[in-house]
Amino acid sequence: MLRIGVPAGAEFLLLFVYIMIVYAIIRGFGPAAQAGFGIGARVMQAFFLPVVALSFAVSPVVGQNFGGRRADRVRHSVYSAIGIASLMMLVLTLIAFLLPGTLIRIFSRDPRVIAFGSEYLRIVSLNFISAGIVFVTSSIFQGIGNTLPPLFSSMTRLILFALPAMYISRRPGFEIRELWYLSIGSIIFQMCINLLLLRHELRKRLRFDEPENFIPASATAS
Numbered sequence: 006m007l008r009i010g011v012p013a014g015a016e017f018l019l020l021f022v023y024i025m026i027v028y029a030i031i032r033g034f035g036p037a038a039q040a041g042f043g044i045g046a047r048v049m050q051a052f053f054l055p056v057v058a059l060s061f062a063v064s065p066v067v068g069q070n071f072g073g074r075r076a077d078r079v080r081h082s083v084y085s086a087i088g089i090a091s092l093m094m095l096v097l098t099l100i101a102f103l104l105p106g107t108l109i110r111i112f113s114r115d116p117r118v119i120a121f122g123s124e125y126l127r128i129v130s131l132n133f134i135s136a137g138i139v140f141v142t143s144s145i146f147q148g149i150g151n152t153l154p155p156l157f158s159s160m161t162r163l164i165l166f167a168l169p170a171m172y173i174s175r176r177p178g179f180e181i182r183e184l185w186y187l188s189i190g191s192i193i194f195q196m197c198i199n200l201l202l203l204r205h206e207l208r209k210r211l212r213f214d215e216p217e218n219f220i221p222a223s224a225t226a227s
């Protein structure tokens, strides 16, 4: 239980560290930048609710079929979840990219807050699909009982974001949008790590045939 729970909990800690780093860096841009980021982040969190729900659903499905030694169903669940997540996040990407100002105005009428928040939402919307795949693949790892790979990818993402972010933020002429582009790159890299590790994990752990005692439902019904 600890093997599964501790790494999953550590991922939330890494997310908290990421947010604190962002707030520390954008503090010099003033309250409007902080408010714009905060509102944009909340809109993004709301947009992520469907893929979070999908992630919660896929984990027990994968776990049940993995425990039942049904490699075909595990693979089908993995491919279906990644495909559904990608389609959902594509729709939300288009909404956030095309209508960021409309979304930010729901929470603030300050022109500077709207400007900062709109820029943030428009840029980070480009990583919605990657982030959705990260959510789903992390849940798949939970379903097969190994949460260390997503923890490793989260730590890698944090390092790849934090170190360059602290470096470029000290340069003259630093613009806040550079931070958002850096965030996109780190998420895409995390997605690639998750997919590679998941492929390796599935190849290693799905080496079993259909159970000998498995009787299809149609056979029992007849």
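The opening position of the sequence shown corresponds to residue 6 in the numbering used here, with each subsequent residue numbered one higher. A virtual CB, placed ideally from N, CA and C, is assigned to each residue, including glycine. Because the structure is a prediction, the values reported are computed rather than measured.
Selection VAL57, GLN39 and ARG47 evaluated against GLY137 yields VAL57 as nearest (Cα-Cα).
Judged by DSSP in its simplified three-state form, ILE111 adopts coil rather than helix or strand.
When secondary structure is reduced to three states using DSSP, PRO177 falls in the coil class, being assigned neither helix nor strand. The closest CA to that of ILE145, considering only ALA51, HIS205 and GLY35, is found on HIS205. Here the alpha carbons of GLY45 and ASP115 stand approximately 14 Å from one another.
In this structure, ILE173 places its C-beta atom within 9 Å of the C-beta atom of LEU187.
In its chain, beyond the 5 residues on either side, VAL83, THR142, ILE145, PHE146 and PRO154 have a beta carbon closer than 8 Å to the beta carbon of LEU203.
With respect to the 9 Å criterion, SER158 and VAL129 are not classified as neighbours on the basis of their beta carbons. If you look at THR142, you'll find it in the alpha helix (DSSP H) that goes 133-148. With contacts defined as CB atoms closer than 9 Å, ALA90 and ALA37 fail to qualify as a contacting pair. One alpha carbon belongs to SER85, the other to PHE34, and they sit about 42 Å apart. Counting along the chain, SER91 sits inside the alpha helix (DSSP H) bounded by residues 76-103.
Per the coordinates, the alpha-carbon of ALA76 lies some 8 Å from the alpha-carbon of ARG212. The C-beta distance from THR161 to ILE134 rounds to 19 Å, too long to fall under 8 Å, and the pair is not in contact. Assigned with DSSP and collapsed to three states, ASN151 falls in coil, not helix or strand.
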